[in-house]
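Enquirer: Here it is: the structure, laid out below.
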Ligand code: HEM
């Protein structure tokens with residue numbers, strides 16, 4: 001019956017063209033090629049099928065890649081009963097095993113991020129900025145002499161500490177071991193899920209058992225978090241909903257109305273939810289900030305323009321949510337930085353729960369992972385004229401032209417945090433990244449602080465950042481160095 005199901009599935013998939021080999025054995029060759037040359041293979045499909053879908057063999061499955069805004073628009077409109085992000089993630093990330101049953105099957109942290117975290121951003125912004133400034137002081141002290149830093153690592157530690165001020169509060173966010181645990185957790189989870197994906201299906205349970213990072217990370221995180229959780233639960237038990245409880249992600253998870261009482265008060269669930277939220281938040285934000293720093297170091301002429309926007313706003317409003325909302329040029333620059341430097345060849349995935357029919361008539365059989373190609377969308381001339389040009393104020397001009405930066409009822413169409421079928425940095429539709437408002441605000445604070453208090457540049461003779469690729473995703477080379485010094489009058 002398995003063979004029969006496989007044949008009927010492949011018959012339906014046959015209508016979608018293949019990039020690489022499609023024979024039973026030869027497709028494995030293509031799958032191996034995809035690991036190191038995924039970007040080039042997706043590009044080949046995009047060039048050959050010009051906006052039409054195509055399929056690619058991976059070692060354990062076929063995936064269908066879509067690269068046109070029309071098909072992404074169908075993706076956006078589909079309901080959860082048709083296309084599921086959660087089921088795609090459970091399959092491709094092996095989330096039940098790697099992250100644990102609760103975050104994989106009932107990810108109630110998503111609702112807490114969308115709700116309480118986003119709602120409380122204005123009131124928590126002072127804390128966020130305090131932590132950010134303190135983290136910069138410790139990681140990159142502003143000196144009169146240029147100092148060389150390993151940019152990726154420094155930024156990760158600053159973002160981790162800043163973010164955790166809002167996730168778990170003081171003093172844990174400053175604890176060195178805690179920072180190591182949550183930074184490592186994301187890396188280990190990605191490595192583990194990739195290792196499982198690289199194994200034949202019948203070996204996956206054994207490989208999964210061997211590489212699973214969760215038991216060890218849970219044990220280490222639990223040591224720090226459990227006493228805090230028990231203390232907060234105890235106070236809640238004694239006094240009811242504790243109004244004086246620290247306002248952070250942990251408290252919002254404990255108070256979440258999205259799950260039943262037993263689940264939301266279970267210390268194991270709480271530790272796993274905090275670890276999982278960190279996994280979604282830290283590396284993504286750090287990479288975005290590092291890319292932005294590199295893009296400014298490559299184009300120093302933008303620095304003064306951004307400083308001229310930032311300084312008067314911060315002088316007038318201080319480090320507030322309202323101030324970050326006024327940094328329109330910075331918003332546009334950060335958006336362009338993500339578009340040009342951080343567009344993966346494949347990202348934003350869904351799993352059809354029944355055969356899915358796109359508006360153009362293409363049918364993808366139930367169970368086949370469909371993945372959009374942000375790179376194809378972001379480098380399409382009809383979405384972004386002169387797509388390979390880094391045009392920092394591209395969306396700023398669009399916002400101005402459409403009256404968005406003026407007037408009370410401005411729309412947020414071209415804002416960085418607004419997902420769209422032609423802008424996939426944060427995904428699309430109902431499941432677009434729930435942390436995007438937090439991420440964009442944090443990025444603006446990080447960038448504004450750096451521009452106001454530091455000069456920075458690549459080391460003399462360095463030729464800019466290097467990237468490496470794994471299975472269609474780009475990673476920044478961790479050895480790339482940046483020089484920092486206290487801001488002077490001139491460079
Ligand atoms: C620049 C930073 C970030 C980027 C580029 C980013 C990107 C993304 C993308 C592409 C998705 C998939 C959306 C889709 O498939 O439609 C996603 C989902 C998600 N992100 Fe982010 N993200 C960032 C920051 C954050 C932060 C700060 C948090 C937490 C506070 C977070 C939490 C999540 C979660 C929980 C999901 C899963 C949503 C779901 O299952 O419905 N992300 N993110």
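Residue numbers (mature numbering (1 follows the signal peptide of the UniProt record, and there is no 0)): 1 to 491.
Just so you know, even glycine gets a beta-carbon here, dropped at the ideal spot from N, CA and C.
The structure presented is a predicted model; accordingly, all values stated were derived computationally and were not measured.
Any heavy atom of the ligand HEM closer than 8 Å to the Cβ of residue 311?
Expert: no
Enquirer: Could you tell me the alpha carbon to alpha carbon distance between residue 341 and residue 231, rounded to whole angstroms?
Expert: 44 Å
Enquirer: Determine the DSSP secondary structure at residue 83, reduced to helix, strand or coil.
Expert: strand
Enquirer: Helix, strand or coil for residue 457? Go by DSSP, reduced to three states.
Expert: strand
Enquirer: Using the DSSP secondary-structure output, state which residues sit across from residue 41 in a beta bridge.
Expert: Note: residue 41 sits in no beta bridge, so no partner.
Enquirer: Just to confirm the assignment: which complete alpha helix (DSSP H) runs, minimum length 4, are found wholly within the segment 153-185?
Expert: Runs of the alpha helix (DSSP H) inside the segment 153-185: none found.
Enquirer: Pull up the distance between the alpha-carbon of residue 463 and that of residue 291, whole angstroms please.
Expert: 15 Å
Enquirer: Within the chosen definition, does the segment 414-425 reach the segment 376-387 through at least 3 CB pairs nearer than 8 Å?
Expert: yes
Enquirer: Work out the CA separation of residue 184 and residue 197 for me, nearest whole Å.
Expert: 20 Å
Enquirer: Below 8 Å on the Cβ atoms is my contact criterion, and I expect residue 142 with residue 453 to pass it. Report the Cβ-Cβ distance as a whole number of Å.
Expert: 6 Å
Enquirer: Distance check for residue 155 and residue 271, CA to CA, integer angstroms please.
Expert: 24 Å
Enquirer: Are there any heavy atoms of the ligand HEM lying less than 8 Å away from the beta-carbon of residue 173, as far as the coordinates show?
Expert: No; taking the cut-off as 8 Å, the Cβ of residue 173 has no heavy atom of the ligand HEM nearer than that.
Enquirer: For the alpha helix (DSSP H) containing residue 347, name the first residue and the last one.
Expert: First-last for residue 347: 347-352, but that is the beta strand (DSSP E), not the alpha helix (DSSP H).
Enquirer: Just the Cα atoms here: how many angstroms apart are residue 44 and residue 362?
Expert: Their backbone Cα atoms lie some 20 Å apart in a straight line.
Enquirer: So what's residue 412 in DSSP terms, helix, strand or just coil?
Expert: When DSSP states are grouped into helix, strand and coil, residue 412 belongs to the coil group.
Enquirer: In the DSSP assignment, find the unbroken alpha helix (DSSP H) run with residue 371 in it and report its ends.
Expert: No alpha helix (DSSP H) contains residue 371, which is instead part of the beta strand (DSSP E) from 369-372.
Enquirer: For the ligand HEM, I want to know if residue 353 counts as a neighbour, meaning its beta carbon is within less than 8 Å of at least one of the ligand's heavy atoms.
Expert: No - the ligand HEM has no heavy atom lying nearer than 8 Å to the Cβ of residue 353.
Enquirer: Consider the C-beta atom of residue 10 and the heavy atoms of the ligand COA; say whether any pair is separated by less than 8 Å.
Expert: Ligands displayed in this structure: the ligand HEM; the ligand COA is not among them.
Enquirer: With burial defined as no fewer than 16 other Cβ atoms inside 10 Å of the residue's Cβ, what is the status of residue 14: buried or exposed?
Expert: exposed
Enquirer: Do residue 486 and residue 455 have their C-beta atoms within less than 9 Å of each other?
Expert: A distance below 9 Å separates the beta carbons of residue 486 and residue 455.
Enquirer: Please classify residue 177 as buried or exposed, where buried requires at least 16 other C-beta atoms within 10 Å of its C-beta.
Expert: exposed
Enquirer: Hey, residue 429 and residue 89 are a contact pair by Cβ (cut 8 Å); roughly how many whole angstroms apart?
Expert: Residue 429 to residue 89, Cβ: 15 Å. No contact.
Enquirer: Just checking my contact of residue 313 with residue 327 at CB under 8 Å: how many whole Å lie between their CB atoms?
Expert: 6 Å
Enquirer: Going along the chain, which residues of its own chain have a beta-carbon closer than 6 Å to the beta-carbon of residue 490, five neighbours each way excluded?
Expert: Because the pLDDT at residue 490 is just 49, under 50, the model does not fix this residue reliably, and the value given afterwards should be weighed accordingly. For residue 490, where only same-chain residues beyond five positions count, there are no Cβ hits under 6 Å.
Enquirer: Could you tell me which whole alpha helix (DSSP H) segments of length 4 or greater appear in the segment 222-310?
Expert: With a minimum length of 4 residues, the continuous alpha helix (DSSP H) runs that stay inside the segment 222-310 are 249-254, 261-264 and 267-298.
Enquirer: If residue 128 and residue 166 are in contact, beta carbons under 8 Å, what's the gap, nearest whole angstrom?
Expert: 6 Å
Enquirer: Which stretch, first to last residue, makes up the beta strand (DSSP E) that contains residue 523?
Expert: With the chain covering only 1 through 491, there is no way to say anything about residue 523.
Enquirer: Exposed or buried, what is residue 8 when buried is set at 16 or more other beta-carbons lying within 10 Å of its beta-carbon?
Expert: exposed
Enquirer: Pick helix, strand or coil for residue 487, following the three-state DSSP scheme.
Expert: coil
Enquirer: Relative to the alpha-carbon of residue 64, which residue among 346, 447, 242 and 173 has its alpha-carbon at the smallest distance?
Expert: Of all alpha-carbon atoms in 346, 447, 242 and 173, the one lying nearest the alpha-carbon of residue 64 is that of 346.
Enquirer: Between the beta-carbon of residue 39 and the beta-carbon of residue 71, is there less than 9 Å?
Expert: no
Enquirer: Taking all protein chains shown into account, do 16 or more other C-beta atoms lie within 10 angstroms of the C-beta of residue 401, making it buried, or fewer, making it exposed?
Expert: So residue 401 ends up on the exposed side.
Enquirer: Please state if the CB of residue 432 and the CB of residue 419 are separated by a distance shorter than 9 Å.
Expert: Contact: yes.
Enquirer: Per DSSP, which residues does residue 475 bridge with? Please list them.
Expert: 468
Enquirer: On the three-state DSSP scale, how would you describe residue 356?
Expert: strand
Enquirer: Flag this pair as yes or no: are the beta carbons of residue 34 and residue 57 separated by less than 9 Å?
Expert: yes
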